[in-house]
Ligand SMILES: [Zn+2]
Ligand SMILES: [Zn+2]
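Given below as structure tokens:
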């Protein structure tokens, strides 16, 4: 290759690519070519085991492809029938009735032939998923006889037969929708009979589902309605499987089967007399309700009305006042230091705070006017200017408006903290001038000083704590009482859900009244409505369940105006229609009335469940509403 950089041959002829056979699987050219070719069917029918194995193995892979067409291989379909037909007529007889062949190896010849039959059926089953192939299979003269023979001869309980039957029934589903079974066909040749046995008695879930699907296809054809009465076993099986909500494929075919039965008016009327009617309705509603949980969202609406409230701890926000000691210290200072120190004590920086300039000036004036002989006051504008010296973030400003407002932004009055206030003496109706104390024991010590000075009036000792009006017979009793006013060392714990405000019943903030028990009850602090709202449509099997419920409802409530009959419940009922015992339809009428009565009772039984059903679609919701209306009217 390197030589090419230096030298290019004068006559460079491109070498044609060598024909290499593609030996990978599925790439042997001849049988994937579209031109008709019968080698595959020749191999299949050659009776040479290696050839048959090879052909079937290739076809199994090809049949996965949705482009695979049986018509592309002339004679192939006939070849595929050969081994299955052998098995359902001859081969199955070699299975030991005792099951010994499961313990000991069966003859090798039988094993290969059984496999050929299985593989041939597997290819046909997969091919049938293609529209064109399914038409071809449906039109083939061997298809129906093969299926009937298989259903007739093969015991579905034998392990060797189960897979064969599964494929056979899958192929049968291709024919089923257009198959009309004559009412006079004997049971031995009627595919419905073995299918219903499989559905009712087999332990193989795949087989049950496949047989249900096939039965549903055949029976949904109105021409086959006469066979519905023969399929009561399968109806019972469907009712039995229906509560298995977790097994969706089985649930779907079971519901479908029940639906096909009761879609026929006579069968629906008969179903009302079924002793399982109540349970069926309950299970149907439970299914809809169970699925509903995944389709809903929670909606919360806040309908809290206007509320009036006051702070639960109003003591905490009391303005701070200078103590005597603090004032004395400040008075020693010369201006402007006196003003600075005073501001530090009285004001605090607070970003969202705001005070009017007049308030600040008045406060200053009121504090220092009594001492103006010692030192003159500063001018108002000077005091306002000083704020910015103490608190640089504070800003004096004029707010425009109808009346201009002169304010200072960024400061606020210093507040008493509740901690300080809790141990404040409130003797002499709050008039005691002592500063708040640090602990309950200090407050108690202080309180004892007051108590030692209490003088009796008319032999009674009066408590003077805040607004207390308690009296005692002796100083000792007064002392024990007075101690109840001392708060505990820990502030009272507030429950996390408790609001910091007290809700009032009216706009009047003075909620302390003489008759607190007669006070109007305030509205709850928060009122919300929470409910579930469907956001998605239910899955199709829920709609089938709903449809079944509706059909049964309509049959049960069909004759609302029907005249009541004389029975145990309606003996001597006015307007009772006297029945003619010779009327030919006497029996029918009697059972219809009985069915309707039982049906209505069963619906009354599921009323609570119906009330909880919520569906996004309005039309479906109307169905539920209609049922509820009728049931309620009935009760
Ligand atoms: Zn005091
Ligand atoms: Zn008291």
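In my numbering, the protein residues as written are 62 to 696.
Yeah, the Cβ is synthetic: ideal placement off N, Cα and C, and Gly gets one too.
Quantities reported herein were computed from a predicted structural model and do not represent experimental measurements.
Taking a contact to mean a Cβ-Cβ separation below 8 Å, would you say residue i touches residue j in this structure?
{"i": "residue 152", "j": "residue 174", "result": "yes"}
{"i": "residue 617", "j": "residue 350", "result": "no"}
{"i": "residue 415", "j": "residue 470", "result": "yes"}
{"i": "residue 359", "j": "residue 591", "result": "yes"}
{"i": "residue 326", "j": "residue 282", "result": "no"}
{"i": "residue 527", "j": "residue 491", "result": "yes"}
{"i": "residue 314", "j": "residue 274", "result": "yes"}
{"i": "residue 499", "j": "residue 544", "result": "no"}
{"i": "residue 234", "j": "residue 181", "result": "no"}
{"i": "residue 692", "j": "residue 563", "result": "no"}
{"i": "residue 547", "j": "residue 508", "result": "yes"}
{"i": "residue 337", "j": "residue 362", "result": "no"}
{"i": "residue 21", "j": "residue 595", "result": "With the chain running from 62 to 696 in the structure shown, residue 21 is simply not present."}
{"i": "residue 178", "j": "residue 148", "result": "yes"}
{"i": "residue 458", "j": "residue 468", "result": "yes"}
{"i": "residue 663", "j": "residue 695", "result": "no"}
{"i": "residue 584", "j": "residue 368", "result": "yes"}
{"i": "residue 292", "j": "residue 229", "result": "no"}
{"i": "residue 381", "j": "residue 410", "result": "no"}
{"i": "residue 515", "j": "residue 536", "result": "yes"}
{"i": "residue 474", "j": "residue 408", "result": "yes"}
{"i": "residue 330", "j": "residue 653", "result": "yes"}
Once you ignore the five residues that flank residue i on each side, which residues in its own chain have a CB closer than 8 Å to its CB?
{"i": "residue 146", "result": "203, 207, 210"}
{"i": "residue 402", "result": "390, 391, 394"}
{"i": "residue 250", "result": "209, 213"}
{"i": "residue 646", "result": "Residue confidence is low: residue 646 scores 45 on pLDDT, short of 50, so the model does not pin down where it sits. Its coordinate-derived value is still stated next. Contacts found: none."}
{"i": "residue 447", "result": "397, 400, 401, 404, 439"}
By the 10 Å Cβ neighbour count, where 16 or more other Cβ atoms means buried, how is residue i classified, buried or exposed?
{"i": "residue 639", "result": "Residue confidence is low: residue 639 scores 43 on pLDDT, short of 50, so the model does not pin down where it sits. No coordinate-derived value is stated."}
{"i": "residue 30", "result": "What is shown of the chain runs 62 to 696, which leaves residue 30 out entirely."}
{"i": "residue 125", "result": "exposed"}
{"i": "residue 567", "result": "exposed"}
{"i": "residue 440", "result": "exposed"}
{"i": "residue 244", "result": "exposed"}
{"i": "residue 288", "result": "buried"}
{"i": "residue 671", "result": "buried"}
{"i": "residue 110", "result": "exposed"}
{"i": "residue 222", "result": "buried"}
{"i": "residue 418", "result": "buried"}
{"i": "residue 423", "result": "exposed"}
{"i": "residue 660", "result": "buried"}
{"i": "residue 322", "result": "buried"}
{"i": "residue 462", "result": "exposed"}
{"i": "residue 166", "result": "exposed"}
{"i": "residue 676", "result": "buried"}
{"i": "residue 232", "result": "buried"}
{"i": "residue 669", "result": "exposed"}
Here's a check: name, in chain order, each residue in its chain whose Cβ is nearer than 6 Å to the Cβ of residue i, leaving out the five neighbours to either side.
{"i": "residue 219", "result": "156"}
{"i": "residue 521", "result": "532"}
{"i": "residue 540", "result": "512"}
{"i": "residue 116", "result": "101, 104, 105"}
{"i": "residue 588", "result": "364, 365"}
Taking 7 Å as the limit between beta carbons, can you name the residues of its chain near residue i, skipping five residues before and five after?
{"i": "residue 667", "result": "342, 343, 346"}
{"i": "residue 138", "result": "131, 197, 201"}
{"i": "residue 687", "result": "none"}
{"i": "residue 701", "result": "The requested residue 701 does not occur in the structure, where the chain is confined to residues 62 to 696."}
{"i": "residue 267", "result": "227"}
{"i": "residue 724", "result": "Limits of the chain in this structure are 62 at one end and 696 at the other, which puts residue 724 out of reach."}
{"i": "residue 678", "result": "598"}
{"i": "residue 608", "result": "320"}
{"i": "residue 106", "result": "140, 143"}
{"i": "residue 375", "result": "Note that residue 375 has pLDDT 49, beneath the 50 cutoff, so the model's placement of it is unreliable and the number below is only indicative. Nothing listed; no residue qualifies."}
{"i": "residue 248", "result": "254"}
From the DSSP output, which residues share a beta bridge with residue i?
{"i": "residue 352", "result": "Residue 352 pairs with nothing; no bridge assigned."}
{"i": "residue 589", "result": "363"}
{"i": "residue 533", "result": "522"}
{"i": "residue 12", "result": "In this structure the chain extends from 62 to 696, so residue 12 is not present and cannot be described."}
{"i": "residue 31", "result": "This structure leaves residue 31 out entirely; the chain is present only between 62 and 696."}
{"i": "residue 594", "result": "358"}
{"i": "residue 410", "result": "472"}
{"i": "residue 415", "result": "470"}
{"i": "residue 690", "result": "Residue 690 pairs with nothing; no bridge assigned."}
{"i": "residue 380", "result": "476"}
Measuring only between beta-carbons, confirm whether residue i sits less than 8 Å from chain C.
{"i": "residue 430", "result": "Of the protein chains in the structure, only one exists, and it is not chain C."}
Complete beta strand (DSSP E) runs within the segment 101–140 (minimum length 3 residues, chain order): none
Start-end ranges of the alpha helix (DSSP H) lying completely within the segment 417–462, minimum 4 residues: 418–429, 441–451
For a minimum of 3 consecutive residues, which ranges assigned as the beta strand (DSSP E) are wholly contained in the segment 273–316? none
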